[in-house]
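For reference, the structure is listed below as structure tokens.
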DNA sequence: CGTAACTGCAA
DNA sequence: TATTGCAGTTACG
């Protein structure tokens with residue numbers, strides 16, 4: 001049986017942390033609640049993360065303790081708790097009572113002593129003890145079974161200290177931590193220590209003498225004369241300080257563990273309190289519990305903490321050469337780099353970790369190397385060598401980092417990041433640490449934790465030298481060892497073709513697109529900025545005038561109040577937090593008030609300005625005058641690529657005003673864009689997968705697919721199809737691809753559900769094999785637990801087994817849509833590889849620079865236009881052989897607007 | 001401060 | 001109660 005676990009929380013310390021970490025929240029009655037809120041969220045997180053069987057919260061009481069009696073100045077000069085905080089203590093205790101969490105309090109003892117005593121008691125009972133506090137003093141209680149969790153910046157993350165981590169961070173044992181404080185003193189407790197001795201000196205002394213007692217007896221052995229004098233002059237202080245700093249672990253109190261057993265909260269009381277404090281998010285967390293899964297935390301027991309692998313530092317060219325010899329003897333080289341992240345085309349490398357076998361890691365602090373170009377030259381030989389198989393986790397980064405130094409990693413043989421994505425594309429992250437835990441039972445340093453989050457988040461290069469070395473080395477070590485495990489899994493799931501023939505080669509294409517970037521006309525963008533700014537301010541003025549009040553138009557809440565309360569327009573729809581003010585609603589109100597068209601126009605312009613004009617202006621690379629978006633290969637569940645910073649896959653096109661923006665994306669001097677998009681790729685894929693004769697026939701005859709569908713649905717000849725019939729049919733075709741529902745189609749076409757159902761039934765009657773496909777794929781998904789694309793890309797669909805109708809229906813639509821959307825993604829990925837390879841092989845200068853799901857954009861020198869057009873057309877249309885021909889439409893222009 | 005909600009842009 | 005994404009803004013707790 002697993003060990004029982006107890007969580008002991010330092011109440012005063014934690015509520016303090018919460019109070020200062022959060023901005024003040026005040027309820028309508030003027031009650032401050034940020035400390036309570038922060039405390040409760042931290043508490044809940046710890047309970048969820050660690051699933052303790054026992055839990056208690058310790059508090060200081062007002063009564064003086066033995067420390068005050070012994071040392072009158074104890075904690076003197078400490079500022080009084082502000083009333084905004086002190087008024088939260090009693091309410092917090094009420095919350096704890098409602099949670100049925102025991103409060104540990106005793107007059108004359110500080111929370112620390114209560115915690116210490118309880119911790120040691122539980123340790124003797126063989127329990128695992130977790131102490132949660134914001135105060136480092138508790139570190140003296142650490143042992144093999146006692147861990148201390150200390151809050152970091154903010155309230156969302158905790159540092160876990162066990163004896164190993166304590167030694168790593170402070171180089172002292174838990175007991176020496178007391179001596180450390182005795183020597184350093186502590187301002188906040190007014191513990192004197194030795195004046196002039198700080199952390200550095202104290203650690204040095206403890207390394208030499210072990211304890212303060214030993215130090216006092218052997219002061220003559222202190223080498224520095226000044227220091228010796230200081231220590232000798234403060235012996236009394238040291239002794240007193242140590243006594244004050246020592247947490248008492250044997251308070252004479254009776255401990256009834258039963259009191260500390262975790263119990264169900266008293267929900268009535270709890271919700272009453274939460275309502276009083278206006279903790280609406282917590283209320284919903286505690287009420288919507290029906291049907292929620294009960295997630296038993298499995299805990300981290302049995303995990304090997306990595307610290308024993310062999311890490312070596314490469315500090316000279318000679319050492320690098322020696323390492324390279326090892327590489328030559330090995331089949332694989334795992335690599336991970338960190339760069340300055342200044343500029344994609346002139347970037348400098350900060351550090352490199354490399355592994356040529358499973359146990360050793362070599363780390364090179366690039367900043368410290370004297371002859372950088374010699375280092376790069378040597379690396380180039382290895383990285384461009386066809387014999388050495390390169391391994392990475394997100395190797396696209398390395399491809400990009402080495403590009404400015406004319407190093408092309410030729411032989412990328414494995415990327416664990418992409419491997420795990422194919423194994424399960426639905427995961428929200430694929431970090432090395434987690435993979436290490438799952439596949440290797442190895443636990444390495446947490447990157448997120450090291451970097452922190454939010455505003456104070458660091459970049460990798462800003463880490464302490466030691467932290468960065470450790471992080472990179474461990475990640476590379478784990479990456480190296482992951483390869484056989486992930487390979488095995490890819491084999492098992494028959495993903496090898498997709499992996500080696502598509503995804504891995506694609507990485508290089510994406511890296512090349514990122515490095516190439518796309519040129520933007522800055523002047524045009526700046527002009528647009530001014531133009532839009534004027535329009536927005538004019539519209540704002542009009543809106544204020546028509547509303548008779550100034551308010552924040554961007555706030556749906558305030559806008560709703562103005563429209564529906566003040567102007568008393570009819571609210572059409574509401575959201576879960578208030579009135580809906582979206583474009584669909586406003587359109588219906590357009591004629592009801594002059595203000596509505598102004599607001600719609602404001603929304604349009606404000607969106608274009610903030611997201612596209614300002615957004616793009618802020619991200620232009622000053623050196624290249626281009627935009628270098630990131631193309632991510634592991635984000636979507638269907639296999640599509642995604643684009644960020646900026647997202648270049650959602651630049652406006654449907655409305656003319658927005659479409660104008662495409663004019664700012666220009667081909668460079670002497671070049672043009674060739675824009676090629678697949679014609680109806682998803683419906684062609686559907687025709688192929690379903691084998692539907694009717695649909696295949698439509699494509700074979702080269703008919704307009706929506707017109708053909710309209711003629712089928714409405715039972716008229718093709719030449720009799722009106723434009724409104726065609727656009728309805730188009731919506732039906734969309735619906736089919738998305739996994740149709742009568743409700744959804746009705747909503748989209750603004751027709752009744754019954755009418756929508758008629759369209760769908762009629763469609764499925766005419767395209768009977770499509771109907772069969774839809775039914776079969778859902779059955780298959782239920783049976784196997786997943787569906788696949790043409791290239792066997794897999795997506796698991798647990799939703800199909802849900803008892804909840806909505807969730808199950810969602811699963812069914814995903815089952816229908818994923819093979820279609822995903823196979824189209826498979827196809828264009830092959831096309832990208834084809835185009836990229838052919839351009840390279842033919843020695844052409846044209847470069848693939850963008851992909852927008854069914855569209856490729858190639859920046860092409862004028863004298864290559866014809867040849868490149870042919871390559872693109874071939875590359876796309878021959879990407880895969882289907883029952884129906886793939887078709888690509890090409891056009892060209894000086895900018896993206898013209899080329900579309 | 002960290003996150004959720006709303007809105008709107010693309011294929 | 002139509003698929004897949006990203007981002008700007010506001011508001012909550």
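In UniProt numbering, the protein residues as written are 1 to 900.
For every residue, glycine included, the Cβ atom is placed at its ideal position computed from N, Cα and C.
Everything numeric in this text was worked out from a predicted model, so none of it was measured.
Worksheet item: What does residue 795 pair with, by DSSP beta-bridge criteria?
Response: Against the first chain, residue 795 aligns to sequence position 795. Per DSSP, 787.
Discussion item. Please classify residue 647 as buried or exposed, where buried requires at least 16 other C-beta atoms within 10 Å of its C-beta.
Written reply: Position 647 of the first chain holds residue 647. Exposed is the call here.
Discussion item. Closer than 6 Å to a non-hydrogen atom of the ligand MN - does that hold for the CB of residue 777?
Written reply: This structure does not include the ligand MN; it has no bound ligands of any sort.
Fill in: Separation of residue 799 from residue 439, as counted between CA atoms
Here residue 439 corresponds to residue number 439 of the first chain, with the count starting at 1. Here residue 799 corresponds to residue number 799 of the first chain, with the count starting at 1. The C-alpha of residue 799 is placed about 26 Å away from the C-alpha of residue 439.
Item to complete: Could you check what DSSP says for residue 721 in three-state terms: helix, strand or coil?
Response: The residue given as residue 721 occupies position 721 in the first chain. Of the three classes helix, strand and coil, the one that applies to residue 721 here is coil, per DSSP.
Worksheet item: When burial is assigned at 16 or more other CB atoms within 10 Å of the CB, is residue 133 buried or exposed?
Response: For the purposes of this step, residue 133 is taken as residue 133 along the first chain, with counting starting at 1. With 16 or more other Cβ atoms within 10 Å, it is buried.
Worksheet item: Hey, quick one: how far does the alpha helix (DSSP H) through residue 369 stretch, first residue to last?
Response: Residue mapping note: residue 369 aligns to position 369 of the first chain, counting from 1. No alpha helix (DSSP H) holds residue 369; DSSP gives it neither H nor E.
Fill in: DSSP bridge partner residues for residue 861 (one or two, in chain order)
Here residue 861 refers to the residue found at position 861 of the first chain. Residue 861 is bridged to 671.
Item to complete: Have a look at 100, 101, 139 and flag the residue whose alpha-carbon is nearest the alpha-carbon of residue 119.
Response: One-based indexing of the first chain puts residue 119 at position 119. Considering only 100, 101, 139, the residue with the shortest C-alpha distance to residue 119 is 139.
Worksheet item: Excluding sequence positions up to five away, which residues of its chain have a Cβ less than 6 Å from the Cβ of residue 812?
Response: In the first chain, residue 812 corresponds to position 812, counting from 1. Contacts found: 778.
Worksheet item: When DSSP labels each residue in this structure, what does residue 33 get in the three-state scheme?
Response: Residue mapping note: residue 33 aligns to position 33 of the first chain, counting from 1. The answer is coil: DSSP assigns residue 33 none of H, G, I, E or B.
Discussion item. Here's a check: name, in chain order, each residue in its chain whose Cβ is nearer than 7 Å to the Cβ of residue 672, leaving out the five neighbours to either side.
Written reply: Counted from its first residue, the first chain places residue 672 at position 672. The beta carbon of residue 672 sits closer than 7 Å to the beta carbons of 860, 862, 865, 892, 893, 894 from its chain, once the five residues preceding and following it are set aside; these are given in chain order.
Worksheet item: From the DSSP output, which residues share a beta bridge with residue 337?
Response: Taking the first residue of the first chain as position 1, residue 337 is located at position 337. Per DSSP, 352.
Worksheet item: When burial is assigned at 16 or more other CB atoms within 10 Å of the CB, is residue 500 buried or exposed?
Response: The sequence position of residue 500 within the first chain is 500, counting from 1. Under a 10 Å Cβ-count criterion, residue 500 is classified as exposed, with fewer than 16 other Cβ atoms of the shown protein chains found around its own Cβ.
Worksheet item: Out of 645, 370, 666, which has the shortest C-alpha to C-alpha gap to residue 629?
Response: Against the first chain, residue 629 aligns to sequence position 629. For residue 629, the nearest C-alpha among the options comes from 645.
Worksheet item: Can you find at least 3 beta carbon pairs, one from the segment 787-807 and one from the segment 648-664, that sit closer than 8 Å?
Response: No: fewer than three Cβ pairs fall under 8 Å.
Worksheet item: With respect to the alpha helix (DSSP H) encompassing residue 707, which residues constitute its N-terminal and C-terminal limits?
Response: In the first chain, the residue the question calls residue 707 occupies position 707. Residue 707 -> alpha helix (DSSP H) spans 705-714.
Worksheet item: CB residue 573 to CB residue 585, shorter than 7 Å?
Response: Here residue 573 is taken as the residue at index 573 of the first chain, counted from 1. Here residue 585 is taken as the residue at index 585 of the first chain, counted from 1. The answer is yes: Cβ separation under 7 Å.
Worksheet item: What are the start and end residues of the alpha helix (DSSP H) that includes residue 212?
Response: On the first chain, position 212 is the one that residue 212 refers to. Note, residue 212: alpha helix (DSSP H), 212-217.
Worksheet item: Quick one: what's got a C-beta closer than 7 Å to residue 242's C-beta in the same chain, skipping five residues either side?
Response: Position 242 of the first chain, counted from the start, is the residue given in the question as residue 242. Closer than 7 Å at the Cβ level, and outside the excluded window around residue 242, lie 178, 179, 182, 212.
Practice prompt. Please check the pair residue 691 and residue 881, which I expect to be a contact at CB under 8 Å, by giving their CB distance rounded to whole angstroms.
Written response: As a first step, residue 691 must be located in the first chain, where it is residue number 691. As a first step, residue 881 must be located in the first chain, where it is residue number 881. That belief does not hold up - the Cβ atoms of residue 691 and residue 881 are roughly 14 Å apart, past 8 Å.
Practice prompt. Go through its chain and collect everything with a Cβ distance to residue 445's Cβ below 7 Å, but skip five positions before and after it.
Written response: Along the first chain, read from residue 1 onward, the residue named residue 445 stands at position 445. These residues qualify, in order along the chain: 470, 471, 474.
Item to complete: Please go through the same chain and pick out, in chain order, the residues whose beta-carbon is closer than 7 Å to the beta-carbon of residue 340, but skip the five residues on each side of it.
Response: Your numbering for residue 340 matches position 340 in the first chain. Only residues of its own chain outside the window of five on either side were considered, and among them 347, 348, 350, 461 have a CB closer than 7 Å to the CB of residue 340, listed in chain order.
Discussion item. What residue range does the beta strand (DSSP E) around residue 5 cover?
Written reply: Along the first chain, read from residue 1 onward, the residue named residue 5 stands at position 5. Note, residue 5: beta strand (DSSP E), 5-10.
Discussion item. The alpha helix (DSSP H) that contains residue 243, what's its start and end?
Written reply: Within the first chain, residue 243 is the residue found at index 243, counting from 1. Per DSSP, the unbroken alpha helix (DSSP H) holding residue 243 starts and ends at 235-245.
Worksheet item: Between the C-alpha atoms of residue 194 and residue 286, what's the straight-line distance to the nearest angstrom?
Response: In the first chain, residue 194 corresponds to position 194, counting from 1. In the first chain, residue 286 corresponds to position 286, counting from 1. The straight-line gap separating the alpha-carbon atoms of residue 194 and residue 286 is approximately 51 Å.
Item to complete: State the Cα-Cα distance for the pair residue 290 and residue 781, rounded to the nearest angstrom.
Response: Position 290 of the first chain, counted from the start, is the residue given in the question as residue 290. Position 781 of the first chain, counted from the start, is the residue given in the question as residue 781. Summary for residue 290: the model assigns pLDDT 39, below 50, so the residue's position carries little reliability, and this model does not support an answer.
Item to complete: Could you give the DSSP three-state label for residue 410: helix, strand or coil?
Response: The count along the first chain starts at 1 and reaches residue 410 at position 410. Judged by DSSP in its simplified three-state form, residue 410 adopts coil rather than helix or strand.
Worksheet item: Count the other CB atoms within 10 Å of the CB of residue 78; is the residue buried (16 or more) or exposed (fewer)?
Response: As a first step, residue 78 is located in the first chain; it is residue number 78 there, counting from the start. For residue 78, the number of other beta carbons within 10 angstroms of its own is below 16, and it is reported as exposed.
Worksheet item: Quick one: Cα of residue 261 to Cα of residue 129, how far?
Response: For the purposes of this step, residue 261 is taken as the residue at position 261 of the first chain. For the purposes of this step, residue 129 is taken as the residue at position 129 of the first chain. Rounded to the nearest angstrom, the gap between the Cα atoms of residue 261 and residue 129 is 14 Å.
Fill in: Minimum C-alpha distance to residue 578 - residue among 594, 559, 567
As a working note, residue 578 is residue 578 in the first chain. Checking every option, the nearest Cα to that of residue 578 belongs to 559.
Worksheet item: Using 8 Å as the Cβ pair cut-off and three pairs as the minimum, do the segment 610-628 and the segment 490-500 touch?
Response: By the Cβ criterion, the segment 610-628 is not in contact with the segment 490-500, since fewer than three pairs of Cβ atoms, one from each stretch, lie closer than 8 Å.
Worksheet entry | Residue range of the unbroken beta strand (DSSP E) whose run includes residue 315 | To locate residue 315, count along the first chain from 1; it is residue 315. From DSSP, residue 315 is part of no beta strand (DSSP E); its letter is neither H nor E.
Discussion item. Between the segment 358-377 and the segment 410-418, can you find at least three pairs of beta-carbon atoms closer than 8 Å?
Written reply: Because the criterion of three Cβ pairs below 8 Å is not met, the segment 410-418 and the segment 358-377 do not touch.
Worksheet item: Taking the alpha-carbon positions, what's the residue 356 to residue 334 distance?
Response: Here the question's residue 356 lines up with position 356 in the first chain. Here the question's residue 334 lines up with position 334 in the first chain. Taking the straight line joining both Cα atoms gives about 6 Å.
Practice prompt. Can you give me the start and stop residues for the beta strand (DSSP E) that residue 514 sits inside?
Written response: The residue labelled residue 514 in the question sits at position 514 within the first chain. DSSP places residue 514 in no beta strand (DSSP E) but in the uninterrupted alpha helix (DSSP H) bounded by 504-516.
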